[in-house]
Amino acid sequence: MNTLRIDVLNPKAVKLLKSLADLNLIAIQPFKKEKNTTQKKELSISDFSFSKSQKNLKTYKGSLSDAVIEERRTEL
Numbered sequence: 001m002n003t004l005r006i007d008v009l010n011p012k013a014v015k016l017l018k019s020l021a022d023l024n025l026i027a028i029q030p031f032k033k034e035k036n037t038t039q040k041k042e043l044s045i046s047d048f049s050f051s052k053s054q055k056n057l058k059t060y061k062g063s064l065s066d067a068v069i070e071e072r073r074t075e076l
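With our numbering, the residue at position 70 of the sequence shown is 70, and numbering never jumps.
Here is the structure:
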């Protein structure tokens, strides 16, 4: 048995899936959304400071593209 997650893009597909379930070709399980118990802090534009970023990056030697490439290499 294979388990799949399907995002229904067209409501007509729900009718088709129900027909397949009636023929015992598939089983449909209800999807339960988990409630997020931890609240995420929302960011606002005032949380960012160009001058602070400049100070933090003043001694940085390199480029953003090099950092991204290195990060992607370590993920492989």
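For each residue, glycine too, the CB sits at the ideal point set by N, CA and C.
Computed from a predicted structure; not experimentally measured.
Asked, Found
"Three-state secondary structure (DSSP) of ASP66", "helix"
"Backbone CA spacing between LYS32 and GLU42 [nearest angstrom]", "25 angstroms"
"C-alpha gap between PRO11 and GLN29, whole angstroms", "17 angstroms"
"Rounded straight-line distance, which links the Cα of ASN2 to that of VAL14", "19 angstroms"
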